[in-house]
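Numbered per this note's numbering, the sequence shown finishes at 304, counting up by one with no gaps.
Input: a single structure, listed below in structure tokens.
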Amino acid sequence: MVIPVNPELAPGLYLIATPIGAARDITLRALDILRSADMLAAEDTRSLRKLMDIHGVPLGDRPLVSYHDHNADRARPRIMAALEAGKSVVYASEAGTPMVSDPGYDLARAVVEGGHGLISAPGPSAAVTALTLSGLPADRFFFAGFLPQGGSKRKSALGQFAAVPGTLIFYESPKRVAAMLRDAAEVLGGARLAAMCRELTKKFEEVRRGTLEELAEEMAGRTVKGEIVVLVGQGDSGTVSEIDLDSALSEALEGRSVRDAADIVAAQLGMKRRPVYQRALELAKGRE
């Protein structure tokens, strides 16, 4: 039997990671901190209370403060006042690790600037969990968070990540994942290996693997629910022949401006934009 430990916490802000699905994924250290902190703060107080009830952690008469993007300016002074008084405060995001596409950055920055202790108790993260399940290289990866919603803005953002030398990790909405995969196949290259992970650690967990083109076709017209992580393997950044470049540009120029075609092809082939744009201009003039 595990005996609960109620350590004497030093003053400071404690960042704890909470489960992204399975409640038992919380760490023993996180539970110890929840039992012992003088003040609790959470992105969603109802979620934290439910988690504490599951694990038998009483709130008692300790204050529980809501802290999220919409009330941060009002809630932060109360938390900082507690730290100034030498109290220990724990902050939990709704699910996963604080500040990984979750609020808390401004609070952590204020704590550091104020000279207070900032302590992290690591644990669940959807990005890392998905990476371990994707079957893609995990030695180097880049977490890109959520992409812009608009098609043109999303494509532009994807183009910026095309030459990153590692696996790309994105968070995505179930309503937009089909469009995101379609744009990723167009901008990054349909042959790039990818994975779509949904509802990680939950009852209906799903992991789909294949090329971006295959995943885009599978998801087209399909309605899904839940939290989604999309991972894209590293593209081929080797030498590109003139024939391959011209072929890619000729296809991209159909119905597109020279600027847009150059952006897409440079991203697909992992090339610098300037030479691709110059060659696109030449090909466009040859068509006139």
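All residues carry an ideal CB built from backbone N, CA and C; glycine is no exception.
Where residue i falls, given that 16 or more other Cβ within 10 Å makes a residue buried
i: Thr34; result: buried
i: Ile259; result: exposed
i: Val128; result: exposed
i: Glu100; result: exposed
i: Gly120; result: buried
i: Ile70; result: exposed
i: Gly254; result: Confidence at Gly254 is low in this model, with a pLDDT of 49, below 50, so the placement of that residue should be treated as unreliable; the coordinate-derived value is given next. So Gly254 ends up on the exposed side.
i: Ala39; result: exposed
i: Arg51; result: buried
i: Ala154; result: exposed
i: Ser109; result: buried
i: Glu59; result: buried
i: Gly271; result: exposed
i: Glu222; result: exposed
i: Gly249; result: buried
Beta-carbon proximity of residue i to residue j, cut-off 7 Å
i: Leu152; j: Thr113; result: no
i: Tyr30; j: Ala57; result: no
i: Leu299; j: Leu265; result: yes
i: Val106; j: Ala91; result: no
i: Gly166; j: Arg208; result: no
i: Tyr293; j: Ala283; result: no
i: Ala146; j: Cys213; result: yes
i: Ala88; j: Asp122; result: yes
i: Phe159; j: Val180; result: no
i: His111; j: Ile42; result: First, the residue type needs correcting, since residue 111 is Ala and not His in the sequence shown. Contact flag unset, no.
Assumed close pair residue i, residue j - CB separation to whole angstroms, cut-off 8 Å
i: Gly139; j: Ile49; result: Gly139 to Ile49, Cβ: 11 Å. No contact.
i: Phe186; j: Val144; result: Between Val144 and Phe186 the Cβ distance is about 14 Å, and since that is not below 8 Å, they are no contact.
i: Val116; j: Ser141; result: 6 Å
i: Ala236; j: Arg224; result: About 13 Å separates the two Cβ atoms, so there is no contact after all.
i: Leu25; j: Ser104; result: 4 Å
i: Ala133; j: Gly28; result: Contrary to the premise, residue 133 reads as Gly rather than Ala in this sequence. Contact holds; Cβ gap of about 3 Å.
i: Met96; j: Arg78; result: Actually they do not touch by this definition, with Cβ atoms about 17 Å apart.
i: Ala137; j: Arg275; result: 48 Å between Cβ atoms; not a contact.
Heavy atom of the ligand ATP within 6 Å of residue i beta-carbon
i: Arg238; result: Within the structure as shown, the ligand ATP is missing, as the structure has no ligands at all.
Would you be able to state if there are at least three C-beta pairs under 8 Å between the region 177-192 and the region 215-223?
no
Output the residue ranges of the beta strand (DSSP E) runs that lie fully inside the region 130-185 and measure 3 residues or longer, sorted by chain position.
134-137, 157-162
So, does the region 192-202 touch the region 161-174, judging by three or more C-beta pairs under 8 Å?
Here the region 192-202 makes contact with the region 161-174; the two share three or more CB pairs at distances below 8 Å.
In chain order, what are the residue ranges of uninterrupted beta strand (DSSP E) at least 3 long that sit wholly in the region 96-126?
Listed in chain order, the complete beta strand (DSSP E) runs (minimum 3 residues) inside the region 96-126 are 104-108.
Between the region 226-241 and the region 204-214, do at least 3 Cβ pairs fall closer than 8 Å?
The way I'd put it, the region 226-241 does touch the region 204-214; three or more beta-carbon pairs between them come closer than 8 Å.
List, from N- to C-terminal side, the beta strand (DSSP E) runs of 3 residues or more that fit wholly inside the region 227-276.
For the region 227-276, whole beta strand (DSSP E) runs of length 3 or above, ordered along the chain, are 244-248.
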